[in-house]
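> With full-length UniProt numbering as the guide, the letters of the sequence shown map in order to residues 5 to 440. Cβ atoms here follow ideal geometry from the backbone N, Cα and C, with glycine treated the same way. Predicted model only: the values in this text are computed from it and were never measured. Attaching a single structure in structure tokens format; questions to follow.
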Amino acid sequence: LSDKLDKALHVLKGHGSITEVNVAETLKEVRRALLDADVNFKIAKEFTTKVKEKALGQNVLTALQPGQLMVKLVKDELTELMGGDAAGINLQGTPSIILMSGLQGSGKTTFSGKLANFLKTKKSKKPLLVACDVYRPAAINQLHVVGDQIGVEVYSEPENKNPVSIAQNAIAHAKSNGHNVVIIDTAGRLAVDEAMMAEIENVHKAIQPQETLFVVDSMTGQDAVNTAKAFNDRLNFDGVVLTKLDGDTRGGAAISIKSVVNKPIKFIGTGEKMDAIDVFYPSRMAERILGMGDVVSLVERAQEQFDEEEARKIQKKIAKNQFGFDDFLKQIQQVKKMGSMKDLVGMIPGAGKALKDVDIDDDAFKGIEAIIHSMTPIERSVPATIDASRKKRIAKGSGTSVQQVNQLMKQFDQMSKMMKMMQGGGGRKMMQMMGK
Ligand code: GDP
Ligand code: MG
Numbered sequence: 005l006s007d008k009l010d011k012a013l014h015v016l017k018g019h020g021s022i023t024e025v026n027v028a029e030t031l032k033e034v035r036r037a038l039l040d041a042d043v044n045f046k047i048a049k050e051f052t053t054k055v056k057e058k059a060l061g062q063n064v065l066t067a068l069q070p071g072q073l074m075v076k077l078v079k080d081e082l083t084e085l086m087g088g089d090a091a092g093i094n095l096q097g098t099p100s101i102i103l104m105s106g107l108q109g110s111g112k113t114t115f116s117g118k119l120a121n122f123l124k125t126k127k128s129k130k131p132l133l134v135a136c137d138v139y140r141p142a143a144i145n146q147l148h149v150v151g152d153q154i155g156v157e158v159y160s161e162p163e164n165k166n167p168v169s170i171a172q173n174a175i176a177h178a179k180s181n182g183h184n185v186v187i188i189d190t191a192g193r194l195a196v197d198e199a200m201m202a203e204i205e206n207v208h209k210a211i212q213p214q215e216t217l218f219v220v221d222s223m224t225g226q227d228a229v230n231t232a233k234a235f236n237d238r239l240n241f242d243g244v245v246l247t248k249l250d251g252d253t254r255g256g257a258a259i260s261i262k263s264v265v266n267k268p269i270k271f272i273g274t275g276e277k278m279d280a281i282d283v284f285y286p287s288r289m290a291e292r293i294l295g296m297g298d299v300v301s302l303v304e305r306a307q308e309q310f311d312e313e314e315a316r317k318i319q320k321k322i323a324k325n326q327f328g329f330d331d332f333l334k335q336i337q338q339v340k341k342m343g344s345m346k347d348l349v350g351m352i353p354g355a356g357k358a359l360k361d362v363d364i365d366d367d368a369f370k371g372i373e374a375i376i377h378s379m380t381p382i383e384r385s386v387p388a389t390i391d392a393s394r395k396k397r398i399a400k401g402s403g404t405s406v407q408q409v410n411q412l413m414k415q416f417d418q419m420s421k422m423m424k425m426m427q428g429g430g431g432r433k434m435m436q437m438m439g440k
């Protein structure tokens, strides 16, 4: 989608002045791009008609920077189409009950864990996860594994085949154990069928959740819309969770679902790890779809993960020329905490597209870490001490080659220089470059 829109908008960006024909031509391209991304025909058409009206109403043709104004109109309209402002989640019950719904494989169990982790770490809640998938014992185990990983209690009754009573018992358990959020993971089928719908409807009626979330795989395109409609007809759910929105996944589903069921998208899943969850911001999604890169998210995540104290220490060291391999290792670990490399690269403007087909290995740092681990403390803090024979020893110890050690040392050298430069005021310049 981004590619096509980029192309469509490129026409306008480059021109100092545009004509009415130009606007129409561009919007035709925009519409085609939306259709390609599985956006419903009617929605795409309405969308371009609206943008055109606004463009003409705002005198795009006589504006100082018509291209930019046009891009802004398209972006604003896309944002509006996906819900305008970010929608919150209702946590008012005692406990607040959150029910997951969706097809098998959509990511319910994974998202249940992510949400529990999010509420625990960001909102200081004490969640309880509930396994209501009564058909597959493996599903119960999966939730327990997730719960262990994030340190959240999981309630299950492996012998009980009645999801309604499991859910009710779990809520009683939550009340007597001080849990203020109950997240109920349910069973899904591969396709919409009556048995599944009746079951989730029964659970829904019995427990009256504050939030019923519909979880959907964003890669399923137009099907996602039909499924959303089927679930919404039965559950009248409160919000949508779009999973598997990693890297360059198309945003078409986000646009269509909101328009068809008129429910806000509340969260997105961007990877398999427990911290790969983001609040859904329509404006950021619009920017992402338009190929501007999700810079805001990237910066926010970086701010969260980078320990400020640590950053200050490192800055001092750079200033004093004492930055060593130990610090380098720490930085790598910080970067790794931010999520998978593919996620991160996908958020950099332009890079997501350029690197779409490059397989970015999450273990890209493994060799580097091994090499640093094979250095002695002195070698780490004073890299200049590493001579040829030490290089040989390090290569042997880390299972790499002298060539790889050399390469790392060169990279390290360049990075140290770059960091010094960024401290000297070059940083702002770099950020500006990234912004473009
Ligand atoms: P459920 O059947 O609805 O409970 O789905 P699961 O939670 O078991 O997820 C199905 C598969 O999708 C698993 O392999 C998950 O690891 C994977 N998955 C879930 N969410 C995401 C996501 O946001 N990104 C990626 N890449 N994979 C995901
Ligand atoms: Mg599951």
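(1) Alpha carbon to alpha carbon, how far is V283 from L246? Give it in angstroms, no decimals.
(2) Taking M200 as part of the beta strand (DSSP E), name the residues at either end of that continuous run.
(3) Below 7 angstroms, is the gap between the Cβ of Q319 and the nearest heavy atom of the ligand MG?
(4) With a CB to CB cut of under 6 angstroms and the five nearest residues on each side skipped, what residues in its chain are close to G111?
(5) Assuming contact is defined by CB atoms lying nearer than 8 angstroms, are M86 and L217 in contact in what I supplied?
(6) Do you know how far the Cα of K334 is from the Cα of K340?
(7) Please tell me whether V43 and S222 are closer than 8 angstroms, where the distance is taken between their beta carbons.
(8) Quick one: residues in its chain with C-beta nearer than 7 angstroms to the C-beta of H208, no 5 flanking neighbours on either side, listed in chain order?
(9) With 16 as the cutoff for other CB atoms within 10 Å, does K421 come out buried or exposed?
(10) Cβ of I211 within 8 angstroms of Cβ of I175?
(11) In angstroms with no decimal places, state the Cα-to-Cα distance between A100 and N121.
(12) If I'm right that Q58 touches A290 with Cβ under 8 angstroms, what's the distance once you round it to whole angstroms?
(13) Report the residue from G117, Q108, G92, A143 whose alpha carbon sits nearest the alpha carbon of K277.
(14) Excluding five sequence neighbours on each side, which residues of the same chain lie with their C-beta closer than 6 angstroms to the C-beta of K395?
(15) Quick one: grab the DSSP three-state call for S287.
(16) Could you spell out where the alpha helix (DSSP H) holding G401 opens and where it closes?
(17) Which value, in whole angstroms, describes the spacing of the CA atoms of D331 and A280?
(18) In the DSSP assignment, find the unbroken alpha helix (DSSP H) run with E383 in it and report its ends.
(19) To the nearest angstrom, how far is it from the Cα of V265 to the Cα of K233?
(20) May I ask you to list the residues that DSSP assigns as paired with F218?
The relevant details are as follows:
(1) In the sequence shown, counting from the first residue as 1, residue 246 sits at position 242. In the sequence shown, counting from the first residue as 1, residue 283 sits at position 279. Approximately 10 angstroms between the Cα atoms of the pair.
(2) Working through the sequence shown from its first residue, we reach residue 200 at position 196. From DSSP, M200 is part of no beta strand (DSSP E) but of the alpha helix (DSSP H) over 198-211.
(3) Sequence index remark: in the sequence shown, residue 319 carries index 315 (1-based). For the ligand MG, not one heavy atom lies less than 7 angstroms from the Cβ of Q319.
(4) Translated into the one-based positions of the sequence shown, residue 111 becomes position 107. If we look at G111 and ignore the five residues flanking it on each side, its Cβ neighbours are V219, T247, G273.
(5) Residue numbering aside, residue 86 sits at position 82 when the sequence shown is read from its first letter. Residue numbering aside, residue 217 sits at position 213 when the sequence shown is read from its first letter. Result no, Cβ atoms of M86 and L217 do not sit closer than 8 angstroms.
(6) Translated into positions along the sequence shown, residue 340 becomes position 336. Translated into positions along the sequence shown, residue 334 becomes position 330. The alpha-carbon atoms of K340 and K334 are separated by roughly 10 angstroms.
(7) For this step, residue 43 is matched to residue 39 along the sequence shown. For this step, residue 222 is matched to residue 218 along the sequence shown. Result no, Cβ atoms of V43 and S222 do not sit closer than 8 angstroms.
(8) As a first step, residue 208 must be located in the sequence shown, where it is residue number 204. Excluding residues within five positions, the ones whose Cβ falls inside 7 angstroms are L103, T216, L239.
(9) The residue labelled residue 421 in the question sits at position 417 within the sequence shown. By the 10 Å Cβ count, K421 comes out exposed.
(10) Here the question's residue 211 lines up with position 207 in the sequence shown. Here the question's residue 175 lines up with position 171 in the sequence shown. Taking 8 angstroms as the Cβ cut-off, I211 and I175 qualify as a contacting pair.
(11) Position 96 of the sequence shown, counted from the start, is the residue given in the question as residue 100. Position 117 of the sequence shown, counted from the start, is the residue given in the question as residue 121. The sequence shown places Ser at residue 100, not Ala. Rounded to the nearest angstrom, the two C-alpha atoms are 15 angstroms apart.
(12) Your numbering for residue 58 matches position 54 in the sequence shown. Your numbering for residue 290 matches position 286 in the sequence shown. Checking the sequence shown, residue 58 turns out to be Lys, not Gln. Not confirmed; about 15 angstroms, so no contact.
(13) Along the sequence shown, one-based indexing puts residue 277 at 273. Ranking the options by Cα distance to K277, first place goes to G117.
(14) Counted from its first residue, the sequence shown places residue 395 at position 391. Closer than 6 angstroms at Cβ, skipping near neighbours: V406, V409.
(15) Sequence index remark: in the sequence shown, residue 287 carries index 283 (1-based). In the structure shown, S287 sits in a helix (DSSP, three-state: H, G or I).
(16) As a first step, residue 401 must be located in the sequence shown, where it is residue number 397. Residues 392-402.
(17) Translated into the one-based positions of the sequence shown, residue 331 becomes position 327. Translated into the one-based positions of the sequence shown, residue 280 becomes position 276. Straight-line Cα distance between these residues: approximately 26 angstroms.
(18) On the sequence shown, residue 383 is found 379 positions in, with the first residue counted as 1. E383 -> alpha helix (DSSP H) spans 381-385.
(19) Locating residue 265 in the sequence shown gives position 261, counting from the first residue. Locating residue 233 in the sequence shown gives position 229, counting from the first residue. Whole-angstrom Cα-Cα distance: 6 angstroms.
(20) Residue 218 sits at position 214 when you count from the first residue of the sequence shown. Note: F218 sits in a beta bridge opposite S105, V244.
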